[in-house]
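Each remark here refers to the structure printed beneath this line.
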Amino acid sequence: MIRSVQFDDIYFSPEDGLAETEHVFLRGNNLPAAWQDRSSFTIAETGFGTGLNFLAAWKLFEETAPVAHQLDYVSFEKYPLSSEEILTALRRWQGYFGGRLEKMAALYPLRINGVHRVHLTPRTRLTLIFDDVNEALPRLIVPRGVNAWFLDGFAPAKNPQMWSDVLFDGMARLSAEGATVASFTAAGHVRRGLAAREFTVSKVRGYGRKRDMTQAVFNRSGASAAADGLTCAASARIVFP
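Laid out in structure tokens, this is it:
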């Protein structure tokens, strides 16, 4: 089981990390139903880690979304793993992902601080932001708005700096109307932070031995801007076509 040196915590459930991802982040964000009527769908994630959440979302999208639809996946990671570490951690699901793990590893960027754009298929694009989410998120612009949030990263008790007001403020600023949130944690300050920023928050059954997790929906009308694109800092501008 791969473990973070910085936070002394595991990257995913030792029971079944893929089943945990499917329960918490995919079903927790009502996927695949949520992207059926959106020609462009954006997922934002805190904590890329091994990329397991991304791979599961990518596979589900390409198997279930209409062929003309586009997936943009934006993920923050302060301490990126190497491609070799990712391949080792996810080897047990190599066959399940059908070549996607190897393709992601082959295109995985150098672990240099900044914004890295990876075009995996004509309709699936991954943007990796190797930086502290509290530093990078305030500079991020997603004019179409984020449609689903994967609040991952390590547990609030292990990584309290990530679960901050800066994070919750950024989520409210970037979310499209009706955006959903899912997280493995049901920590009170996380639920209160979301609720204070116009998210309707629910505590629901967690995965495996974890009793509870968090789901939320953003309710403010007109949350997203009209222009098309995504930008993170003037020196690292990325535009969605």
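Take the sequence shown: its position 184, counting from 1, is numbered 184 in full-length UniProt numbering, and each next residue is one higher.
The beta-carbon is built from N, C-alpha and C at its ideal position, and this holds for glycine as well.
All values reported here derive from a predicted model rather than from experimental measurement.
Can you list, in chain order, the residues of its chain whose CB lies under 7 angstroms from that of residue i, leaving out five sequence neighbours each side?
| i | result |
| --- | --- |
| K103 | L120 |
Less than 6 angstroms between C-beta atoms, sequence neighbours within five positions excluded: which residues of the same chain meet that for residue i?
| i | result |
| --- | --- |
| V217 | T180, T200 |
| D212 | A186, K203, G206 |
| W93 | L18 |
| F61 | L71 |
| R197 | F168, A172 |
| A65 | W35 |
| E15 | G208 |
| P241 | The predicted model places P241 with a pLDDT of 36, which falls under 50 and marks its position as unreliable; any figure quoted below should be read in that light. Excluding sequence neighbours, P241 sits near nothing in its chain. |
| H23 | Y207 |
| R220 | E198 |
Measuring alpha carbon to alpha carbon, tell me which residue in the options is nearest residue i.
| i | options | result |
| --- | --- | --- |
| L167 | A186, A182, A136, A148 | A136 |
| G145 | V118, S40, L90 | S40 |
| K210 | S183, P66, R192 | S183 |
| A176 | G95, Q36, W149 | W149 |
| K78 | N113, T88, A89, R91 | N113 |
| D165 | T42, R192, Q215 | R192 |
| E84 | G95, H23, E63, G51 | G51 |
Please confirm whether residue i and residue j have their CB atoms less than 8 angstroms apart.
| i | j | result |
| --- | --- | --- |
| R111 | S82 | yes |
| K59 | F25 | no |
| R100 | L151 | no |
| T46 | V133 | yes |
| R123 | H189 | no |
| Y73 | A57 | yes |
| G170 | P138 | yes |
Buried or exposed: where does residue i fall if 16 or more other Cβ atoms within 10 Å of its Cβ makes it buried?
| i | result |
| --- | --- |
| G49 | buried |
| N53 | buried |
| N147 | buried |
| A33 | exposed |
| R3 | A caution first: R3 carries a pLDDT of 47, below 50, which makes its placement in the model unreliable, though a value can still be read off. It counts as exposed. |
| E20 | buried |
| L107 | exposed |
| R125 | buried |
| Q161 | exposed |
| G28 | buried |
| T214 | buried |
Assuming residue i and residue j form a contact by the criterion Cβ under 8 angstroms, report the distance between their Cβ atoms to the nearest whole angstrom.
| i | j | result |
| --- | --- | --- |
| A44 | L174 | 7 angstroms |
Skipping 5 residues on each side, what residues in its chain have a beta carbon closer than 8 angstroms to that of residue i?
| i | result |
| --- | --- |
| P80 | F48, R111, L128, F130 |
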